[in-house]
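Taken in order, these protein sequences are the chains called A, B, C and D.
Residue numbers for the first sequence follow this note's numbering, beginning at 683 and rising by one.
Residue numbers for the second sequence follow this note's numbering, beginning at 13 and rising by one.
Residue numbers for the third sequence follow this note's numbering, beginning at 99 and rising by one.
Residue numbers for the fourth sequence follow this note's numbering, beginning at 14 and rising by one.
Note that beta-carbon positions come from the ideal geometry of N, C-alpha and C, so glycine has one too.
To start, the structure itself, in structure tokens.
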Amino acid sequence: MDFIATHLLSLILFFPALTGTAMLFLPGDEKTLHKWYALVASLVPFTLSLFAWFNFRASQSGYQFEEQYIWYEAIGSSLHLGVDGLSLSMVLLTTLLTPLAILASFSINEKTRSYMMLFLFLETGMLGVFMSIDLLIFFVFWEVGLVPMYFLINQWGSANRNYASMKFMIYTMGGSLGLLLAVQLLGVLFQTYDLQVITEQWSAYTAPIAGIPAGTFKAVAFWAFVIAFAVKVPLWPFHTWLPDAHTEAPTAGSMILAGVLLKLGAYGFLRLILPLYPAEAKYFAGALAFLAVAAIVFGAFGSYAQTDFKRLVAYSSVNHMGFVVLGIAAAAFAVGTEDARIALNGAILQMFNHGLSAAGMFFLVGVIYERTHTRNLEDFGGLFPLVPVYGGILIFTSMASLGLPGLNGFISEFLVVRGSFGVGVNSVPVMAVYTSVALLGLLFTGAYILKGIKKVLHGPMNEHWSSASGEHKLTEINAREIVVMAPLMALILWIGLYPAWILDVINRAVVMLF
Amino acid sequence: MVPLSWYLIFAAALFSIGLFGVLSRRNAVAILLGIELMLNSVNVNLAAFWRYGDVRMMTGQVFAIIVFAVAAAEVAVGLALVISVYRRRNTVVADELDLMKW
Amino acid sequence: MTGEQIIFLVVAFFTLGSGLMVVTTRNLVHAAFWLVAALFGVAVVFALLSANFLAVVQVVVYIGAISILFIFAVMLTRKEMRDRGAQLNRNWWFGALLAVSTFGGLFFLLRGWEGFSKTAPAYPASFDAVSELGNALVSPNAYVLPFEVASVLLAAALVGAVYVAFGRK
Amino acid sequence: MTTETLIWLIPLPPVLAFFLIVLFTNKSKALSHTIGVGAAFLSFVGSMIVFFRAIGEEHLGEFPFEDAIRWLPTGNSWFEIGVLIDPVGAATLFFVSITIFMIFLYSVGYQNYGQPVGDHDVKGLPPHGATIEEHGHKRVVPSVEPMYSRFFAFLGLFAFGMYLLVVSDNFLTLFVGWEIMGLCSYLLIGFWYGKPSARDAAVKAFMTTRVGDVFMLLGIAYLYSATGTLTFREIFTEETLHVLATTPAWFGMTTSGLIALLLFIGTVGKSAQWPLHVWLPDAMEGPTPVSAMIHAATMVSAGVYAVIRMFPLLTADYTGHGLTTTMSIVAFIGAFTALFAATIAVAQNDIKRVLAYSTISQLGYMIAALGIGAYVAAAFHLITHAFFKALLFLGSGSVIHGMEHGVLHTGNHKVDPQDMYNMGGLRKKMPITFWTFLIGGFALSGFPLITAGFWSKDEILADAFGHGHWAVFVTLAVAAFLTAFYTMRQITLTFLGEPRTEEAKHAQETPWTMTTPLVVLAFFAVTYGWVGIPEHFPLLGGLVPNWFHEFVGSTLAEHPEAVEFNVIPLLASLIVALGGLFFGWLVYRNVKSVGDDKLQIPLLKNKYYFDEIYDFLFVKPAYWFAENVVYKLMDQGVIDGILHLFGPGTQGFGSALRNYIDLPVINRLIGDGSANVTYWFGGKLRAIQTGRVQQYLMLALITFVIIGAALYFFVFAA
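Rendered as structure tokens:
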């Protein structure tokens, strides 16, 4: 027990990878065994992170459950793990979504073992980003996460998967080139990669570097960071990889992509950009806010234009993640004010919420795709009487995504809007304009969500799916799929009704950090 | 009394004679004979240095003993090799044993 | 010139002459016998140096064992050589030059050393070199390890020689 | 149980009912409607207890029932939510709980509980009737709604939203209830989702109201940013309002004015005011008239209720002389909508659509009243209107239900049971419905003295006149005339004269579950007006105290003055009401078919072509923009185009590198070249590899000698 308590984070972090490796020793053709093994293996980190959640002392500042191991001493990098309220909520989200995604992929019967292994590796990669407080380790895990996802899309994706996986991989890697350079620069400059040390020194750094004034240098490095994270978030106009990747990925892959991978980018903004570049972030916050608003509005429009159900949901991620960045940009404008804190609370909660609702939406798209083998909205229609339970769940999740009050999306979107508008009213008027325009996006959020429901569930029934011969007869969502959705829906409702349980942790972290 | 230099010059001469044998004889057995001469000259040196240094330090003699052992081993192996080669190739001329050439 | 010096010079010239014969004589059997002579000379030199044990070992091991081995080897391989053809290779002159220059070089170097012509210290009266040598060879504080290694080497050489010379069926 | 606890509990039973029905009992119709009606009854009882405790309090205005809990952490403070019942809340709670309970009860009958399952009924479409065999001959009777349980679930959720809105003490939870009702209206309008028209109407309703909601959310965010709180009682303090009223914002308005305007846009959407009125008539696609009544009589009232709630904000910078920008806008929109909708109602033939436009028009009345600062009058009309409009909608539902009997009897499904030209003479077939409908209609028209509508409408007109808002007064008076006119037209066409179709002849009175609510509501439609009779009204004034004005008026910190009695608005009300009713009867008593109707003007019939204009101006361009500009041009064209350039670009660069650098320079010159040089050199050098041991040794010795000599002469010697 003591061992668990003192090595909690590394256990959570490496357990999936180790068990994933151990899968190699399982018999190769026992598909059922692989599935259950992976499920159980992914439930262990979840249990442990629940343990962490309940033992986390929100009122205490700084990182908790810290662990530090020697890794690359020569350049001052160590395997330094730790969580605060911000990262812990993301860790919880990741460890929650992974078992659900694995459960969602029980219908995969092709190369099951590799599939499950990749999923477990993916979990380690994602968790590593959230837990590391060492820049180099951060970057390593950042890139590690790409590889399993690339193969998941490339091997188990749908028709256009080669294009999509390649685009995903190259785009994200290309985006993080600048990040790598900037991280190296910081490492060389301070002889350490420890985030806490660098944060302290870099934000106050003024001496010229290689003959270039520190201001210019920092601005360039700032954009290098921003572009890496903006690609991942994704911010307009770096978003076009997302619809392709999400659409082509297998269902569980999309769940994780939308649920967690996008959060890595936003997390980077919060963990690195705001603390490292407070001055630059403030200076360029207008530009960031502009891009965020563009993401919100164009994401909504893009989604509205789709005829592919999954692509519609994919574009909605652009829309929703725009709110995260809008909140961050607003906070960058006025760090330390109440408005900024509210905006950040909203942004972080929005990350969590989008993780729940987007994962749910992708899963629901997957459920119907598995049965009909089409995602074209025009092929559906009037399916509600055939699948009432599925329909109810779809409407529920869609409404969460739409931001209906009483469900989680509303809370976070309201906080972001409130925070950024507050910044607009109290300090930087232009934010008020941006916020107002962002609300146009909120309007169209409604439009595309309703379009999805309308085309799938409502309207005259497409007889193809109810044919008496039973060949194409649409079957109701099964128990396993309901089990996948149930925790998501419960959390959606719970956060919507009483968000304080999670927002309190986030809020305290925000107050202490910014 | 015989000065040390005489022994040393004697040993050097014997060594050079052995060296000439090693370098110039065609017969492999003869080459080994040359090597024996060189080893003996070394032993002479060792013994001389023992005698002309601190007699109580037995290092020189011990080394000489070890050189004996090495010489014996070398001869045993060397001659065995010569005989083995001779059986296969019917020659013991060193010049003709050029299998290891590039 | 003392008697000792005379004995040394005689023995030395005899040894060197025998050595020259070893490397130049055409007949290998003769060469082996000349080697015996040279080794015997060296044994005398050991005696002159008060290294009695070495002298005895020289006679027993070298002359008694190694030389006999050589003679056997020569006889086993002699058929082919038949003492015909050149016993020296084409570069023998270069070898001679090198040998001479090695001797010259050594002489030159040694001459510059201050201890070159020192004389032997008095031999301690009650010093038993043989028992000291024996002690040194088996004492853990001295050379037991090299000694044992040498014995291992000998054993290995024995096995190796048997293996190599046996030939494959 | 303390009153505060009770208030917390009021919204809960319906939402529990919703979850119970959805999760567990949706297979059992009886269980579902028992839970639903039971929950509504519990809330009703709770509301009544709260209401009577509230009117028993002496100083409820200053010391309302309130309670709050921490909900959201925001930086170093908490955002609290809570409940509040002040006089206006109590009054609203009163009518809301009654109407909601009536709706639940009425739905049991309207959705044909107890009838057999239909022959060809499917989920998502209205029931088509069932054939039963009785005494040897077949007969078609109404069939039960296939999604009966679901209907009660939605109703429960809807009731939750409405109660939440009424009891909340802050704008955020008010907005939560507001949006939940929005969702329910979407679900209920699209209840028969199998019909494309219902489906589209649902989306239209949601989207149109969302336009308003988005602005309202912005207003809430603004308010929260400006004051740091959303709780009514904290905002409506003198200091806060003063700060808001004196802080300039954008567009030359004060902060309070701008916030109020933003919040008001939400109301425009929710209460279907021009220009966001288009969704309400289409909302009649829902299971008539219950859901229609929900939107028309209850939910849309929420919009007005929100304006009443934020009234102090709206009038924060109002000095009593000349309306502020925001108030003028509010007054203009209200008055314009009142008249505009009334003109459309005149030309509608669908019994529900007439009522829908009438609702828009009446809401315009209230909005206009609030715009000119007539707080109490607006609240009064809100409540009376809720009663009589609910009555009318339920009555029209009863009529339609009766007509459906006739349609099933004749089997001619081409006959629209909602078209008034298919009716006529129903007073004999459906007496209860007729009399209650008549009361409701007269109340709507403002039939003098007896009906509640007269008193509330008169008060608005008196206020407009008394404060000198002539334009508003005239507009509203004309609208009132039209109201009376189309109401009488409706009554005449529906109930009077002789049946115009075979179906009308076979119409039947509806069961007690439907008629009881009619009677109850009719009672209130008459009597509720009497609590607000102005003190100085000739003859009747002072007989009963103007309780409503005292009670509701005490909500405001500054008690509003009752307007001076003036005979001109009274005369105006009398004239327009009676005149409208008379002309309506006169014109339509002899009209036999739609062809005889002189007022079927295309412009009015097509609602001034607003749907077409919006479709042309907003909906189509939005979709076109989304699909062609954002998706195809921007994302797939420009951005992906640039991205795709990277592929060939990189490849081109790569092959250039290969063809011009790698192949000639690196491969041939450096790679092959060094190999060649090494090869040549090795070829030359291999000569010394003779394989002769002695030569090797010689070379080694020579090297050794040379190095030794060099070392000796140059290193050691030196």
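What does Arg-212(D) reach in chain A if we use C-beta pairs closer than 7 Å? As a first step, residue 212(D) is located in the fourth sequence; it is residue number 199 there, counting from the start. In chain order: Lys-1136, His-1140, Gly-1141.
Spatial distance of Ala-135(C) from Leu-256(C) (CA atoms): By one-based count along the third sequence, residue 135(C) stands at place 37. By one-based count along the third sequence, residue 256(C) stands at place 158. About 26 Å.
Taking the DSSP output, what are the residues bridged to His-150(D)? Indexing the fourth sequence from 1 puts residue 150(D) at position 137. The partner list for His-150(D) (beta bridge, DSSP) reads Glu-147(D).
Closest Cα partner of Leu-778(A) within the set Leu-956(A), Leu-1038(A), Gly-984(A): In the first sequence, the residue the question calls residue 778(A) occupies position 96. Taking only the C-alpha atoms, the option nearest Leu-778(A) is Leu-1038(A).
Chain A beta carbons: is any one of them nearer than 8 Å to that of Thr-339(D)? Along the fourth sequence, one-based indexing puts residue 339(D) at 326. No - not a single Cβ of chain A is within 8 Å of the one on Thr-339(D).
If the criterion is Cβ atoms closer than 8 Å, does the pair Leu-138(D) and Lys-217(D) meet it? Residue numbering aside, residue 138(D) sits at position 125 when the fourth sequence is read from its first letter. Residue numbering aside, residue 217(D) sits at position 204 when the fourth sequence is read from its first letter. No, these two residues do not count as a Cβ contact at 8 Å.
Output yes or no for whether 8 Å exceeds the beta carbon distance between Ala-520(D) and Gly-424(D). On the fourth sequence, residue 520(D) is found 507 positions in, with the first residue counted as 1. On the fourth sequence, residue 424(D) is found 411 positions in, with the first residue counted as 1. Against a cut-off of 8 Å, the Cβ pair of Gly-424(D) and Ala-520(D) comes out as no contact.
Pick from Trp-923(A), Leu-877(A), Val-865(A): whose alpha carbon is nearest that of Trp-905(A)? Locating residue 905(A) in the first sequence gives position 223, counting from the first residue. Closest option to Trp-905(A), Cα to Cα, is Val-865(A).
Excluding the 5 residues flanking Ser-156(D) on each side, which residues of the same chain have their C-beta closer than 8 Å to its C-beta? To locate residue 156(D), count along the fourth sequence from 1; it is residue 143. Cβ within range, chain order: Asn-125, Gln-128, Pro-129, Val-130, Gly-131, Asp-132, Asp-134, Pro-140, His-141, Gly-142, Ala-143.
Chain D partners of Asn-1027(A), CB-CB under 9 Å? The sequence position of residue 1027(A) within the first sequence is 345, counting from 1. Here the neighbours are Leu-85, Pro-86, Thr-87, Gly-88.
Run through the DSSP bridge pairs and tell me what Arg-83(D) is partnered with. The residue labelled residue 83(D) in the question sits at position 70 within the fourth sequence. Its beta-bridge partners are Glu-93(D).
Given this structure, state the Cα-to-Cα distance separating Leu-670(D) from Thr-663(D), to the nearest angstrom. In the fourth sequence, residue 670(D) corresponds to position 657, counting from 1. In the fourth sequence, residue 663(D) corresponds to position 650, counting from 1. Those two C-alpha atoms are separated by around 10 Å.
Taking all protein chains shown into account, do 16 or more other C-beta atoms lie within 10 angstroms of the C-beta of Gly-74(D), making it buried, or fewer, making it exposed? Residue 74(D) sits at position 61 when you count from the first residue of the fourth sequence. Label assigned to Gly-74(D): buried.
Only counting the same chain, and skipping five residues up and downstream in sequence, which positions put a Cβ closer than 7 Å to that of Ile-757(A)? Position 75 of the first sequence, counting from 1, holds the residue named residue 757(A). Gly-869.
Leaving out the 5 sequence neighbours to the left and right, which residues in its chain are closer than 6 Å to Asn-842(A) when beta-carbon positions are compared? Residue mapping note: residue 842(A) aligns to position 160 of the first sequence, counting from 1. The answer, listed in chain order, is Glu-930.
Where does Gly-1064(A) fall in DSSP's three states? Position 382 of the first sequence holds residue 1064(A). Annotated three-state conformation of Gly-1064(A) is coil, per DSSP.
Whole-number beta carbon distance between Gly-241(D) and Gly-282(D), since they are thought to touch under 8 Å: As a working note, residue 282(D) is residue 269 in the fourth sequence. As a working note, residue 241(D) is residue 228 in the fourth sequence. In fact, because the Cβ distance is near 27 Å, the residues do not count as touching under 8 Å.
Which residues of chain D have a Cβ atom closer than 8 Å to the Cβ of Phe-192(C), listed in chain order? Position 94 of the third sequence, counting from 1, holds the residue named residue 192(C). Taking the beta carbon of Phe-192(C) as reference, the chain D residues within 8 Å of it are Met-711, listed in sequence order.
Environment of Ser-249(C) [buried if 16+ CB atoms lie within 10 Å]: Within the third sequence, the letter at position 151 stands for residue 249(C). With a 10 Å radius around the Cβ and a threshold of 16 neighbouring Cβ atoms, Ser-249(C) comes out exposed.
Does any residue of chain B have a CB that is nearer than 8 Å to the CB of Arg-671(D)? Locating residue 671(D) in the fourth sequence gives position 658, where the first residue counts as 1. Answer no: the Cβ-Cβ gap between Arg-671(D) and chain B never drops below 8 Å.
Is it a yes or a no for the stretch 63-71 of chain D touching the stretch 993-1011 of chain A, going by three-plus beta-carbon pairs under 8 Å? no
Can you pull the chain A neighbours of Gly-137(D), defined as C-beta to C-beta under 7 Å? Counted from its first residue, the fourth sequence places residue 137(D) at position 124. Per Cβ cutoff of 7 Å: Gly-1064, Phe-1066, Pro-1067.
From what residue to what residue does the alpha helix (DSSP H) around Val-247(C) run? Residue mapping note: residue 247(C) aligns to position 149 of the third sequence, counting from 1. That run of the alpha helix (DSSP H) goes 242-264.
By the criterion of Cβ-Cβ separation under 8 Å, what are the contact partners of Val-34(B) in chain D? If you number the second sequence from 1, residue 34(B) lands on position 22. Those within 8 Å of Val-34(B) in chain D are Gln-707, Leu-710.
Backbone CA spacing between Glu-1095(A) and His-426(D) [nearest angstrom]: Taking the first sequence and counting its residues from 1, the one referred to as residue 1095(A) is at position 413. Taking the fourth sequence and counting its residues from 1, the one referred to as residue 426(D) is at position 413. The straight-line gap from Cα to Cα measures roughly 48 Å.
CB contact flag (Ile-1050(A), Pro-1181(A), <8 Å): Position 368 of the first sequence, counted from the start, is the residue given in the question as residue 1050(A). Position 499 of the first sequence, counted from the start, is the residue given in the question as residue 1181(A). Their beta carbons are not under 8 Å apart, which means Ile-1050(A) does not touch Pro-1181(A) by this criterion.
Going along chain D, which residues have a C-beta under 8 Å from Leu-196(C)? Counted from its first residue, the third sequence places residue 196(C) at position 98. Met-711, Leu-714, Ile-715, Val-718, listed in chain order.
Contact set for Leu-531(D): own chain, Cβ-Cβ below 7 Å, skip 5 residues either direction: Within the fourth sequence, numbered from 1, the residue matching residue 531(D) stands at position 518. Closer than 7 Å at the Cβ level, and outside the excluded window around Leu-531(D), lie Leu-404, Leu-407, Gly-408, Ser-411, Ile-445, Thr-446, Thr-449.
Taking the Cβ atom as the reference point for each residue, do Thr-339(D) and Leu-327(D) lie within a distance shorter than 8 Å? The residue labelled residue 339(D) in the question sits at position 326 within the fourth sequence. The residue labelled residue 327(D) in the question sits at position 314 within the fourth sequence. It is a contact, given that the beta carbons lie within the stated cut-off.
Helix, strand or coil for Leu-690(A)? Go by DSSP, reduced to three states. Position 8 of the first sequence, counted from the first residue, corresponds to residue 690(A). Note: Leu-690(A) maps to helix in three-state DSSP.
Sort out for me which residues DSSP pairs Pro-261(D) with in a bridge. For this step, residue 261(D) is matched to residue 248 along the fourth sequence. According to DSSP, which records beta bridges pairwise, Pro-261(D) is partnered with Thr-267(D).
Decide if Glu-472(D) is buried, meaning its Cβ has at least 16 other Cβ atoms within 10 Å, or exposed. In the fourth sequence, the residue the question calls residue 472(D) occupies position 459. Flag for Glu-472(D) reads buried.
List the residues that DSSP assigns as beta-bridge partners of Asp-816(A). For the purposes of this step, residue 816(A) is identified with residue 134 of the first sequence, where counting begins at 1. The bridge partners DSSP lists for Asp-816(A) are Asp-876(A).
Would Met-379(D) and Ala-391(D) qualify as a contact pair, given that the criterion is a beta-carbon distance under 8 Å? If you number the fourth sequence from 1, residue 379(D) lands on position 366. If you number the fourth sequence from 1, residue 391(D) lands on position 378. Cβ distance < 8 Å, so Met-379(D) and Ala-391(D) count as in contact.
CA-to-CA distance, Arg-1100(A) to Ile-233(D), given in whole angstroms: The residue labelled residue 233(D) in the question sits at position 220 within the fourth sequence. The residue labelled residue 1100(A) in the question sits at position 418 within the first sequence. About 8 Å.
With a cut-off of 8 Å, do at least 3 Cβ pairs link the stretch 1125-1136 of chain A to the stretch 986-998 of chain A? The answer is yes - the stretch 986-998 of chain A touches the stretch 1125-1136 of chain A, with three or more Cβ pairs under 8 Å.
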